[in-house]
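Chemist:
There are 4 protein chains.
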Amino acid sequence: MATSEEVVFDDTASESLSARFQRVRSSTIYLCRSLKPEDFVVQSMPDVSPTKWHLAHVTWFFEHFVLEPNLPHYKVFREEFNYLFNSYYYSVGPMHLRPQRGLLSRPSVTTITDYREHVDNAVLKLLALKGDDPQLAFLIELGLNHENQHQELLLTDIKHVFSCNPLKPAVNPEAPQPPVRSLAEHRFVDGVSGLQRVGADGNGDSFVFDNETPQHETHVYPHRLGSRLITNGEYLQFIEDGGYKNAQLWLSDGWATINERNWGRPLYWNQDLDAEFTIAGEQVLDVNAPVAHVSYYEADAFARWADARLPTESEWELAAREKPVAGNLAEADYWQPAAAAKDQHQLYGDVWEWTSSSYAPYPGFKPLDGSLGEYNGKFMCSQMSVRGGSCVSATDHIRATYRSFFYPDARWQYLGIRLAKDA
Amino acid sequence: MATSEEVVFDDTASESLSARFQRVRSSTIYLCRSLKPEDFVVQSMPDVSPTKWHLAHVTWFFEHFVLEPNLPHYKVFREEFNYLFNSYYYSVGPMHLRPQRGLLSRPSVTTITDYREHVDNAVLKLLALKGDDPQLAFLIELGLNHENQHQELLLTDIKHVFSCNPLKPAVNPEAPQPPVRSLAEHRFVDGVSGLQRVGADGNGDSFVFDNETPQHETHVYPHRLGSRLITNGEYLQFIEDGGYKNAQLWLSDGWATINERNWGRPLYWNQDLDAEFTIAGEQVLDVNAPVAHVSYYEADAFARWADARLPTESEWELAAREKPVAGNLAEADYWQPAAAAKDQHQLYGDVWEWTSSSYAPYPGFKPLDGSLGEYNGKFMCSQMSVRGGSCVSATDHIRATYRSFFYPDARWQYLGIRLAKDA
Amino acid sequence: MATSEEVVFDDTASESLSARFQRVRSSTIYLCRSLKPEDFVVQSMPDVSPTKWHLAHVTWFFEHFVLEPNLPHYKVFREEFNYLFNSYYYSVGPMHLRPQRGLLSRPSVTTITDYREHVDNAVLKLLALKGDDPQLAFLIELGLNHENQHQELLLTDIKHVFSCNPLKPAVNPEAPQPPVRSLAEHRFVDGVSGLQRVGADGNGDSFVFDNETPQHETHVYPHRLGSRLITNGEYLQFIEDGGYKNAQLWLSDGWATINERNWGRPLYWNQDLDAEFTIAGEQVLDVNAPVAHVSYYEADAFARWADARLPTESEWELAAREKPVAGNLAEADYWQPAAAAKDQHQLYGDVWEWTSSSYAPYPGFKPLDGSLGEYNGKFMCSQMSVRGGSCVSATDHIRATYRSFFYPDARWQYLGIRLAKDA
Amino acid sequence: MATSEEVVFDDTASESLSARFQRVRSSTIYLCRSLKPEDFVVQSMPDVSPTKWHLAHVTWFFEHFVLEPNLPHYKVFREEFNYLFNSYYYSVGPMHLRPQRGLLSRPSVTTITDYREHVDNAVLKLLALKGDDPQLAFLIELGLNHENQHQELLLTDIKHVFSCNPLKPAVNPEAPQPPVRSLAEHRFVDGVSGLQRVGADGNGDSFVFDNETPQHETHVYPHRLGSRLITNGEYLQFIEDGGYKNAQLWLSDGWATINERNWGRPLYWNQDLDAEFTIAGEQVLDVNAPVAHVSYYEADAFARWADARLPTESEWELAAREKPVAGNLAEADYWQPAAAAKDQHQLYGDVWEWTSSSYAPYPGFKPLDGSLGEYNGKFMCSQMSVRGGSCVSATDHIRATYRSFFYPDARWQYLGIRLAKDA
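Residue numbers (this note's numbering), protein chains in the order written: chain R, 245 to 667; chain S, 245 to 667; chain E, 245 to 667; chain V, 245 to 667.
#1: Relative to the C-alpha of S:V310, which residue among S:K412, S:E385, S:H298 is closest?
#2: Taking contact to mean 3 or more Cβ pairs, one atom from each stretch, closer than 8 Å, check whether the region 545-555 of chain E and the region 510-520 of chain E are in contact.
#3: Mind listing, in chain order, the continuous beta strand (DSSP E) runs of no fewer than 3 residues lying wholly within the region 557-626 of chain R?
#4: Touch check for the region 300-316 of chain S and the region 365-381 of chain S: three-plus C-beta pairs under 8 Å?
#5: Could you check what DSSP says for V:M628 in three-state terms: helix, strand or coil?
#6: What's the C-alpha gap between E:E361 and R:P652?
#7: Name the two residues that bound the continuous alpha helix (DSSP H) containing S:E396.
#8: Reducing DSSP to helix, strand and coil, say where V:S235 ends up.
#9: Could you check whether the Cβ of R:N409 sits closer than 7 Å to any Cβ belonging to chain S?
#10: By how many angstroms is the C-alpha of R:Q379 removed from the C-alpha of R:P351?
#11: Report yes or no: is there a C-beta of chain R within less than 7 Å of the C-beta of V:Q393?
#12: Ignoring anything shorter than 4 residues, give me the alpha helix (DSSP H) runs that lie fully in the region 480-511 of chain S, in order along the chain.
#13: When you compare the region 627-646 of chain S with the region 447-466 of chain S, are there three or more beta-carbon pairs, one atom per stretch, that lie closer than 8 Å?
#14: Between V:C625, V:L348, V:A533, which has its C-alpha nearest V:A582's C-alpha?
#15: If S:V436 and S:S471 are in contact, beta carbons under 8 Å, what's the gap, nearest whole angstrom?
#16: Would E:S637 pass as a contact of E:L573 if the rule is Cβ separation under 7 Å?
#17: I want to verify the contact list: residues of chain E whose CB lies under 8 Å from the CB of S:Q670, in sequence order.
#18: DSSP has V:D434 in a bridge; who is on the other side?
#19: Of all Cβ atoms in chain R, is any one closer than 7 Å to the Cβ of V:F623?
#20: Considering R:V268, what are the terminal residues of the beta strand (DSSP E) in which it resides?
#21: In chain V, which residues lie less than 8 Å from E:Y327 when you measure between Cβ atoms?
#22: In its own chain, which residues sit with a C-beta less than 6 Å from the C-beta of V:H301, not counting the 5 before and 5 after it?
#23: If you draw a straight line from the C-alpha of E:D613 to the C-alpha of S:R662, how long is it?
#24: What residues in the region 417-449 of chain V have a beta carbon less than 8 Å from any beta carbon of chain R?
#25: Counting along the chain, where does the beta strand (DSSP E) carrying E:E526 start and finish?
#26: Can you check whether the CB of V:I523 is closer than 7 Å to the CB of V:K610?
#27: Have a look at the DSSP bridge pairing and note the partners of E:T522.
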C-alpha cells in the first residue's frame with residue numbers, strides 16, 4: 245500500500261506544524277508498506293484492532309475534534325464513520341462495538357485512503373487559515389500524538405494477527421535485524437530519593453498529556469535500579485528454574501491467569517524456547533536482547549524470583565528525566581528489542597517497562613474539558629503504569645514524564661522488565 | 245475478481261466431464277464477481293467461513309482426494325494447505341480450527357486464485373489421461389457436487405458477513421429483483437401414502453450422495469401437504485398474533501433459544517418488520533415471497549400456530565419425485581426467494597424446507613470407504629433434514645432424494661416452511 | 245430422614261388407588277433414608293435438582309393439577325411454592341430458574357415434609373370423595389407415574405452430588421452388592437421384522453404416557469439384537485483399543501464433545517479404570533456388569549467399533565413386548581447394574597438402553613390437553629429415545645412401550661448399550 | 245445451631261489469651277444461632293463461601309499453622325480436611341476449588357462442630373503448655389484475627405445466599421433495628437497534610453497484619469474530608485439525576501460493568517428503590533442511613549457527580565488515627581448501617597469506605613515467612629483499599645492502620661462512600 249521510499253521519520257525543532265502534520269500522517273502509511281488489502285481487515289482478539297480501523301480512527305479524530313468545530317463549511321466524508329470509527333468517546337455518541345471491528349470488510353482500504361486524503365487536505369487548509377490559534381495547534385498536536393499512539397498499536401496489532409497464522413508471515417520481511425551484542429553487565433545503581441517533584445507542569449511549552457500533570461511532590465524512599473533491562477537469557481533461567489510452577493512467586497491473580505491460560509513462556513516464544521515471532525517472522529531467540537511480551541504478573545514474579553522488585557513510576561521517572569530520549573525506538577526500523585550496548589541504560593525504547601505503580605490520577609489531576617476528558621482519565625483503575633516507550637514508539641512522542649498503562653494480563657505490546665531494590 | 249461475462253450456469257446431459265468441471269469451477273469465481281479483496285477474509289460467526297476459505301477448501305478437496313492418489317508425479321501446491329484447508333476430515337490429519345478461519349489474512353486471494361489454476365490444470369490433465377476410469381469420474385463428480393454445496397455456502401456466508409456491517413453493503417448490487425406477484429392460494433393437497441419406496445438406489449446411473457441410499461421401504465400415513473411455501477405475510481401474522489410470546493407453541497429448546505438470543509423475527513428482517521437484508525442490500529419486505537432464514541424452532545412453532553405440522557422427509561420426497569427440478573434456483577440469479585406464481589408448488593428452490601425428520605441413516609446405510617466416509621455419516625445426530633434446495637442452489641445439484649441437514653437453531657441458510665397435516 | 249423398615253415397593257393388581265398412592269408416596273421418602281438435611285440442598289449441575297426440590301415438586305404436581313381444580317375449599321400450603329416448585333409448565337406461570345435450584349436453603353426439609361403431609365391428606369380426602377371419577381383417577385395415576393420418574397431422578401441426582409465430593413460419601417451405605425457372576429455369552433438374536441404395529445393404544449385399560457401413543461404401523465427391516473447388555477469388561481476393551489482416540493469411530497458432535505470435556509471413560513469410573521462410584525460409594529469395577537453412565541456418543545462409537553449399531557426404538561420394543569417386566573429394577577435395592585445370569589436378556593432394568601431413534605412424535609400424536617400437554621411433547625427435538633428402565637426404576641412404572649429420552653451428551657443417568665445388526 | 249444466650253462479644257485489655265481464644269471462637273458460633281442445617285451448605289456465587297466452610301476453614305487454620313507445628317503428638321481430626329478447607333495457601337498443598345465449595349453436603353454441620361471442639365481443646369491444651377511463647381501467641385492471635393475476618397464474611401455471605409431466595413428469609417429475624425435519626429449535616433473538614441508517617445510500626449505491642457507495615461513517610465496534599473458517610477437518600481438523588489445513565493461520570497471499566505450486569509442501584513435495593521434486603525429480611529429503606537453494597541465504580545461515579553473525589557488511604561488514616569475505635573460495629577448487633585447521630589463521624593463501623601488508593605505494598609514491605617506470607621501480599625494487584633470496618637466487624641479487630649481490600653466490582657460486602665476534596 246505504501247510506496248514512499250524516503251525515510252519518513254525525522255524530527256526537527258524548527259519544523260512547522262503543517263510539515264509535522266504531513267510527516268506524522270505519511271509515516272502511518274509508511275508502516276503499512278508491506279501489507280496486502282486482506283491484512284488490513286483482521287481482528288485477532290478484542291484488544292487488537294484491524295489495521296484499517298486504526299487508519300480510519302485517527303482520521304476521524306481529526307475530523308471530529310479538529311475540523312468539525314473549527315473549519316467553516318467542512319463536510320464530513322461520510323456520516324456513518326462517526327459511528328464506525330469512534331473508539332470510546334461515549335459523550336460523542338454511540339459506536340460500533342470494539343470486539344466486532346473485525347467483522348467489517350467495508351469500507352475498503354481504498355475508501356479509507358480517500359478518507360485520509362480528504363481530512364488531510366482539510367486540516368492543511370485549516371492550518372493555512374488559523375495556524376496561529378494556540379488552542380487549534382494544541383488540538384492538532386493532540387491528534388498527532390494520538391496518531392503516534394495508534395502507529396504503535398497498528399504494529400503490535402498486526403504482529404499479533406500474523407502470529408495467529410500458521411504460515412507465520414512477516415509484517416515487514418525486509419526489516420533489518422537488530423545488532424548482535426555480548427551480554428552487558430547488570431548492576432543496581434542508586435536512584436534519586438527524598439521529597440521530589442515529578443510529573444509535567446503542563447505550561448504549554450511542549451505537548452504533554454493531561455495524565456502527566458500536575459507536577460507534584462512525592463516522597464521517594466532510597467532505592468537502586470537495574471542498569472539495563474532483563475534479557476531473554478535471564479528470563480530463560482527463570483523458566484528453567486521452574487518459575488512458572490512455583491506458586492509462591494506469583495500474585496494470586498497471576499497464578500490464576502497463568503494456569504487458566506496455560507502460560508509458560510513469553511507470548512511469542514516457540515515451544516522449544518529458542519525462537520520468537522517478530523515483525524520479520526520467526527527468528528532465533530537473541531538471549532542478550534530484552535525479554536518482551538510479558539505480562540505484569542510475569543514481570544512481578546520474575547522480580548520476586550530475582551530477589552528484587554519492580555520500580556515505582558517515580559523511581560523510573562527520576563532516573564530517566566536527566567537522560568536524552570534516545571535508544572531503540574521506531575525510527576531504528578528494527579521494531580524488535582535489541583541487546584544493550586556496553587553501559588546502555590535502555591530507559592527509552594526497546595520495551596515499555598512495567599512499574600509497580602497502578603495507573604492513578606496525580607494529586608490535583610484535572611482531565612481535559614468535554615469529550616476529550618475521556619482520553620485518559622477514565623482508565624485510571626485496575627491498570628499498571630508503564631514507562632519509557634518501545635521499539636515501535638516514535639522518538640518525538642516519548643519523554644520522561646510520559647505514562648502509558650495496561651491491564652496486568654496484557655502481553656501483546658512490547659512490555660518488559662527492569663528491576664529495582666530497596667537501598 | 246471474477247471477470248467472466250458469459251452465463252456460467254448451463255447443464256447439458258451430453259456435456260463432457262472436462263467441460264462440466266470447467267463450468268462448475270468457473271461458476272464459483274463468477275459468484276464472487278462483485279467482491280473486493282477485503283471481503284474474502286471475514287468470518288462473522290463459527291458457522292460462516294471466509295469466501296477465500298471456500299475457494300481454497302474445494303480446491304484442496306480435488307487436490308487431496310483426486311490428484312494426490314491418481315495423478316503420477318503430482319506436486320502439491322503448498323504443503324501447509326493440507327492443514328489450512330481441510331475442513332473436517334480427521335482421518336486425513338490435523339486441521340486449522342474452524343472458528344479461527346477468519347484470523348487468516350494470508351494466503352491472499354491472489355495466491356488462492358493461483359492455487360485454483362494449478363489444481364484445475366492438473367485435473368484437466370488427469371482427465372485427459374484417465375477420463376474413462378469410472379472410479380475417478382465418481383471422485384471428480386463428488387468434488388463438483390461438493391463445490392456446488394460450497395457455492396451455496398459461499399453466498400449465504402458472505403451475506404451474513406455483510407449483514408453484520410452497519411453500512412449494509414450488497415453482495416451483488418446488480419442482482420435482478422424477483423418478480424412481484426399477488427398472493428397465490430394456499431391449499432392442502434393429498435399426499436402419497438402407504439408402504440412406499442424412498443431414497444436413491446445408487447446404481448451409478450447418476451450421482452447421489454451416500455446419505456440418499458439405500459432405497460428402502462417405509463410406511464407413510466395418509467396426509468396432506470401445503471400447496472406452496474409459507475409467505476412473509478403469513479409469518480407476519482404469526483408474529484402479530486404474539487407467536488414469539490406464547491410458550492405453548494414452542495418446543496422446550498426453541499423457547500429457551502428465542503429467549504436467550506432475543507429472537508422475535510426472521511434473521512434478516514429489520515426491527516420495523518417491513519424490510520429484509522438481501523444479497524442486493526436492504527429491500528422492502530415482499531409479503532408474498534416465502535419466509536426465509538427461520539430456524540426449525542420457528543418453523544415448528546409456526547406450524548403449531550397454524551394448526552398443522554411440518555412434513556416428514558418421506559412425505560416431501562413422495563410429493564417431489566414426480567416433478568421436474570425447476571424453480572427459483574441459483575441460475576435465476578435472484579439469490580432471493582420469490583413469490584409463487586399461480587399453481588407453482590415451489591418444492592424446488594426458493595428455500596430449503598424444514599422437515600420434522602431428524603437426519604438419520606436409512607436402514608442399511610453404508611458410508612463411503614476411507615476418509616470420504618466422513619462426508620455425511622458423522623453428522624447423523626441432532627440435526628434435522630431439509631429438502632428441495634434454495635434460491636442459491638445450482639439446478640443440476642438438486643433432486644428429489646437429496647438430503648441436506650442443519651441444527652434446529654440454524655438460520656443463516658435460506659430455510660423456510662411448508663405445512664403438512666394428517667389426513 | 246426416613247425410618248420406615250418395611251419393604252415399601254410391592255405392586256398388586258387389586259391394590260386400591262388410595263393404597264397405591266400411599267405406597268408410592270412413602271417409597272419416595274424411603275429412598276432418602278440415609279440422607280442428612282445438608283444433603284437435600286445441593287445442585288451439582290443444571291441437570292441435577294436438589295433432593296428437597298424433587299420432594300416438593302412432585303407434591304406441587306398433585307397440588308396444582310389434582311387438588312386445586314378438584315377439591316372444594318382446598319387451601320394451598322404456601323402460595324410461593326407455585327413459583328418455586330413448578331418445573332417447566334410455562335402455561336401455569338413463571339418459575340424459579342432451573343440452574344438456581346441449589347441456591348435455596350429454605351424451605352427446609354422439615355417444611356417440605358409438612359408440605360407432603362398436607363397434600364397427602366388432601367388427596368386421600370379427595371379420593372374418599374370422588375374416587376370413582378375416571379378423569380380424577382387418571383390425574384392421580386399420572387401424578388404417581390410422575391413421582392416414579394422423580395424417584396429415579398432423585399437417586400441419580402444425589403449420586404451425582406456425592407460423586408463431586410472428594411470424601412466420596414455413599415448415598416446408601418447399606419445397599420446390598422449385586423451378585424457376582426461369570427460372563428454370560430453374547431449372541432445376536434433374530435428380531436421381529438416386516439410391517440408391525442408398535443406403541444400403545446391408550447385405551448385406558450392401563451396407564452400410558454401420551455408419547456407412547458398412538459399405536460401405529462411401521463416397516464421394520466430384518467435385524468438381529470444382542471442377547472444381553474454390553475459389559476464393563478467389553479467397554480474396557482474398547483478403551484484399551486484406543487476407542488477414545490480414533491476419530492473415525494465417532495459422530496462429529498461426539499468427537500467434539502469428548503475432546504472439549506476431556507472424556508476418556510464412563511462418568512463414574514476412576515482414572516485407573518478399576519473402580520466406579522456407586523450408590524454405595526466407590527467399588528471395585530465388576531467387569532461382567534453392564535457398562536453404565538455412557539453418553540449416546542459413546543454408545544454409538546462403541547457399536548461402530550464392534551462392527552454393529554444401536555437398535556431402533558421399534559426393534560427394541562418388538563423384542564421386549566412379549567417378555568415380562570422383570571430384572572434388576574429399583575425393588576432389588578441394588579441401585580447398581582448387575583452381571584447377567586445365564587440367558588438373562590436384561591431388556592428391563594439395569595440401564596436404560598440408548599436407541600438410534602431420535603425422540604419424535606408418533607404419526608398422529610396428540611399431546612394431553614392444557615398445561616399437561618407440556619409434559620412430553622415439547623421435548624421432541626434433539627433428544628434420543630432410551631428404553632427399558634434401569635436399576636433405579638420402579639417395576640410397575642416400566643413397560644415395553646415406555647419411552648424415555650435424553651440429550652446425546654447425557655451421562656448422569658444409568659444409560660448403557662445393547663447392540664444390533666442388519667440381518 | 246448456637247444456643248448461647250449470653251453476650252459473647254466483650255473485649256478486656258486484661259483478658260488472657262485462653263479467654264480471648266474461647267470468646268472469639270464461641271462468638272463465631274453465636275453468629276449462626278438462627279440458621280438451620282440446610283443454610284450452612286449453599287454457595288450463591290464464587291466470592292461467597294458456605295457457612296459450614298467458614299466454620300471449618302478457620303479451624304483448619306489453627307490446626308495447620310498452630311497445632312501441627314507446635315503441639316507434640318497432635319493428631320489431625322481428618323486428613324482430607326487439609327484439602328477441603330485450605331483456602332488459598334498453595335505452598336501448603338492442593339485444595340478444593342473455590343467455586344465448588346457449595347457442592348459439598350458433607351462433612352455435615354455436626355461433624356464440623358466436632359472438628360471445632362477437637363481443635364479448640366487442643367489449642368487450649370497447647371496454651372496451657374506453652375502460653376508464654378511469644379511466637380505461638382502471635383500465631384494464635386493471627387488465627388483469631390483471621391477468624392474475625394471470617395465472622396464478617398460468614399455474615400455477608402449468608403446474607404447474599406438468603407437474598408437469592410425468593411422467600412427472602414432473615415439471617416437473624418430478631419436483629420434489633422438501627423435507631424431512626426434525622427439527617428446529620430454533611431460538611432467538608434480540613435484533613436492533616438504535609439509529610440506524614442502512616443502505617444503501623446509492627447513492634448509487637450499489639451497485633452497488626454503485615455500489610456499495615458512498615459510505618460513510612462508519605463507526602464499528603466491539602467484536602468478536606470466529608471464529615472460523615474454518604475446516605476441512602478443522597479445516593480437516591482444520584483440515581484434520580486440519571487447517574488447510571490451518564491457515561492461521563494464513570495470509569496471505563498465501571499461503565500462496561502454496570503451495562504453488562506444491568507446495575508442501576510445498590511446490590512440489595514428493591515426495584516422501587518424504597519426497600520433493601522437486610523440481615524433481618526427486607527426492610528423499608530432508611531434514607532438517612534449510609535448507603536452500602538456499592539462497588540468502587542459506583543462510589544467513584546457518585547463522587548464525580550458530587551463534584552468531589554474519594555479519599556486516599558493516607559487521608560483516611562490520618563483522620564482516623566486520633567479517634568477511638570467506636571461506632572456501629574458488630575457488637576451493636578444491628579448488622580446494618582445506621583444513620584449518623586449529630587457530629588458522629590462514622591469513620592469506624594457501618595461500612596468499609598472505598599479509598600482511591602489501590603491496594604499495594606508499603607515501601608519496604610516484607611510479607612510473613614513461609615506459607616503465611618500468602619496471607620496478604622499476593623493480593624496486592626487490581627484491588628482497592630477500603631478502611632474503617634463495617635457493622636459486622638468486631639470492634640477489637642479494627643484500628644486506624646487496618647487495610648482491607650476488594651476488587652472494584654465487589655458489592656456483597658458492606659461497602660460505602662465518604663467524600664474528599666482537594667483543599
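Backbone N, C-alpha and C fix where the C-beta goes; we use that ideal spot for every residue, glycine too.
Remember, predicted model here, so these are calculated numbers, not experimental data.
Modeler: According to the data block:
#1: In the second sequence, residue 310 of chain S corresponds to position 66, counting from 1. Taking only the C-alpha atoms, the option nearest S:V310 is S:E385.
#2: Verdict: no, contact absent.
#3: Runs of beta strand (DSSP E) with 3 or more residues, each lying fully within the region 557-626 of chain R, are found at 596-602, listed in chain order.
#4: A contact exists between the region 300-316 of chain S and the region 365-381 of chain S.
#5: Residue mapping note: residue 628 of chain V aligns to position 384 of the fourth sequence, counting from 1. Here V:M628 sits in strand by DSSP.
#6: Along the third sequence, one-based indexing puts residue 361 of chain E at 117. Along the first sequence, one-based indexing puts residue 652 of chain R at 408. Rounded to whole angstroms, the gap between the alpha carbons of E:E361 and R:P652 is 58 Å.
#7: Residue numbering aside, residue 396 of chain S sits at position 152 when the second sequence is read from its first letter. First-last of the alpha helix (DSSP H) with S:E396: 378-407.
#8: Because residue 235 of chain V is not part of the residues shown, which for chain V are 245 to 667, the question remains open.
#9: The residue given as residue 409 of chain R occupies position 165 in the first sequence. When Cβ-Cβ separations below 7 Å define contact, R:N409 makes contact with chain S.
#10: The residue labelled residue 351 of chain R in the question sits at position 107 within the first sequence. The residue labelled residue 379 of chain R in the question sits at position 135 within the first sequence. Going by the C-alpha atoms only, they are around 32 Å apart.
#11: The residue you call residue 393 of chain V lines up with position 149 of the fourth sequence. Residue contact check for V:Q393 against chain R: no CB pair falls below 7 Å.
#12: Here the runs fully enclosed are 496-504.
#13: Because the criterion of three Cβ pairs below 8 Å is met, the region 627-646 of chain S and the region 447-466 of chain S touch.
#14: Position 338 of the fourth sequence, counted from the first residue, corresponds to residue 582 of chain V. When C-alpha distances from V:A582 are compared across V:C625, V:L348, V:A533, the shortest belongs to V:A533.
#15: For the purposes of this step, residue 436 of chain S is identified with residue 192 of the second sequence, where counting begins at 1. For the purposes of this step, residue 471 of chain S is identified with residue 227 of the second sequence, where counting begins at 1. In this structure S:V436 does not touch S:S471 by the C-beta definition: roughly 15 Å separates them, more than the 8 Å allowed.
#16: In the third sequence, the residue the question calls residue 637 of chain E occupies position 393. In the third sequence, the residue the question calls residue 573 of chain E occupies position 329. In this structure, E:L573 lies closer than 7 Å to E:S637 by Cβ.
#17: Missing from the structure shown is residue 670 of chain S; chain S here goes from 245 to 667 and no further.
#18: Start at 1 with the first residue of the fourth sequence, and residue 434 of chain V comes out as number 190. Answer by DSSP bridge pairing, in chain order: V:R468.
#19: Numbered from 1 along the fourth sequence, position 379 holds the residue referred to as residue 623 of chain V. For V:F623, at least one C-beta of chain R is nearer than 7 Å to its own C-beta.
#20: Here residue 268 of chain R is taken as the residue at index 24 of the first sequence, counted from 1. The continuous stretches of beta strand (DSSP E) do not include R:V268, which lies in the alpha helix (DSSP H) extending over residues 261-275.
#21: As a working note, residue 327 of chain E is residue 83 in the third sequence. Within 8 Å Cβ-Cβ: P410.
#22: The sequence position of residue 301 of chain V within the fourth sequence is 57, counting from 1. F329, S331, listed in sequence order.
#23: Here residue 613 of chain E refers to the residue found at position 369 when the third sequence is read from its first residue. Here residue 662 of chain S refers to the residue found at position 418 when the second sequence is read from its first residue. Straight through space, the alpha carbons of S:R662 and E:D613 are spaced by roughly 26 Å.
#24: Answer in chain order: L439.
#25: Looking up residue 526 of chain E in the third sequence gives position 282. That run of the beta strand (DSSP E) goes 525-528.
#26: On the fourth sequence, residue 610 of chain V is found 366 positions in, with the first residue counted as 1. On the fourth sequence, residue 523 of chain V is found 279 positions in, with the first residue counted as 1. Cβ atoms of V:K610 and V:I523: not closer than 7 Å.
#27: Reading the third sequence from its first residue, position 278 is the one you call residue 522 of chain E. Residue pairing from DSSP places E:T522 in a beta bridge opposite E:G525.
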